[in-house]
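Residue numbers (my numbering): 84 to 386.
From the three backbone atoms N, C-alpha and C, an ideal C-beta is built for every residue, glycine too.
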């Protein structure tokens, strides 16, 4: 929008960096702590307020912001520190250990002491159902039994559900019914594998779905907070509708997506991906085809 600012934000575990382009084209920067609850609720919004010359807590006029694009390690750090949402895994009967077994990759086949990685899901429930690869229904899901397990999980404080059924990448009817039941019972996050990652392999599809269910709630809360602060004082267009600032997030792929489409599975490498894209473009401009990037943050380091 003419006469508006643009912002690019890197929110790390320790510091947040904000680059703003003023309406006259000049670039300005600001660096602040990512966590400073005594001074501000969110570092990205506080950095934008600072560059706009607004006081703490002062509403941000929407006419002054054209777009804000952010890379964040919120999901990265939540995964590393195991601070995601308590998650229930619903998987086809007989495959309750499939994700724990994984692909049976053994980096050291002679190791005597094997330490398996912890699973992100807290509880697993096997669903008595089966669809064959050709779409033939061998057993329809026992929804009454699933309902009982979901009610027990919710009573125990679990609020996220990952649904991973056999061959759902191609025949999704059973997953749709189970996911619909979980949503009807009021679970805050329900990730179904045919929606999240329709891959042919059960383990890859399952791992991605569990990660999405585990991280999406914490990510959704953060995105909602930033969007609310940026759009707190939306201005009306000539047609009467409210104009809102464009808020976009960097995905693990290095591309950008709208805030309302940003999910846990896309965010694991949101922050590092921005560094990779910047390194590649800078190296290209300098004439280098082979590069090594080193990004040392407060929580993790990426090479």
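- Note that the C-beta distance between residue 291 and residue 309 is not below 9 Å.
- By the C-beta criterion, the stretch 94 to 104 is judged to be in contact with the stretch 122 to 137, since at least 3 inter-stretch pairs fall below 8 Å.
- Take the alpha-carbon of residue 246 and the one of residue 155: they are about 27 Å apart.
- Note on the stretch 324 to 367: whole beta strand (DSSP E) runs with a minimum of 3 residues are 329 to 333, 339 to 341, in chain order.
- With a threshold of 16 other beta carbon atoms within 10 Å, residue 196 falls short and is exposed.
- Scanning its chain for C-beta atoms nearer than 7 Å, with the 5 sequence neighbours on each side dropped, one finds around residue 277 the residues 251, 252, 255, 258, in chain order.
- In the same chain as residue 375, and ignoring 5 residues on each side of it, the C-beta atoms closer than 8 Å to its own belong to 386, in chain order.
- Shown here, residue 369 sits in a helix according to DSSP, grouped into three states.
- In this structure, 298 is the residue among 143, 260, 298, 289 with its C-alpha nearest to the C-alpha of residue 272.
- In the structure shown, residue 232 falls within a helical segment according to DSSP collapsed to helix, strand and coil.
- The shortest C-alpha to C-alpha distance from residue 141 to any of 149, 148, 147, 132 is the one to 132.
- Residue pairing from DSSP places residue 152 in a beta bridge opposite 91, 331.
- Taking the Cβ atoms as the reference, residue 210 lies roughly 5 Å from residue 224, within the contact range of under 8 Å.
- Ranking 119, 181, 90 by CA distance to the CA of residue 109 puts 90 first.
- When only Cα atoms are considered, residue 303 and residue 228 end up about 30 Å apart.
- Residue environment analysis places residue 344 among the exposed positions, since fewer than 16 neighbouring C-beta atoms fall within 10 angstroms of its C-beta.
- For residue 334, the CB contacts under 6 Å within the same chain, skipping 5 residues up- and downstream, are 340, 349 in chain order.
- Counting along the chain, the unbroken beta strand (DSSP E) around residue 103 starts and ends at 98 to 104.
- For residue 272, the three-state secondary structure derived from DSSP is strand.
- When the alpha-carbon of residue 329 is set against those of 88, 134, 151, the nearest one is in 151.
- For residue 161, the secondary structure class from DSSP, reduced to helix, strand or coil, is helix.
- Counting other Cβ atoms within 10 Å of its Cβ, residue 283 stays below 16 and is therefore classed as exposed.
- In this structure, DSSP gives residue 375 a state outside helix and strand, which the three-state scheme calls coil.
- Under DSSP, the beta-bridge partners assigned to residue 114 are 100.
- Following the DSSP letters along the chain, one finds residue 183 inside the alpha helix (DSSP H) bounded by residues 181 to 184.
- Counted as a single uninterrupted DSSP element, the alpha helix (DSSP H) harbouring residue 260 occupies residues 256 to 267.
- Bridge partners of residue 212 according to DSSP: none are assigned.
- CA-to-CA, the gap between residue 265 and residue 287 works out to about 22 Å.
- For residue 298, the enclosing alpha helix (DSSP H) starts and ends at 285 to 313.
- Between residue 377 and residue 353, the CB-CB gap reaches or exceeds 9 Å.
- Just so you know, the alpha carbons of residue 139 and residue 380 end up roughly 27 Å apart.
- Assigned with DSSP and collapsed to three states, residue 385 falls in strand.
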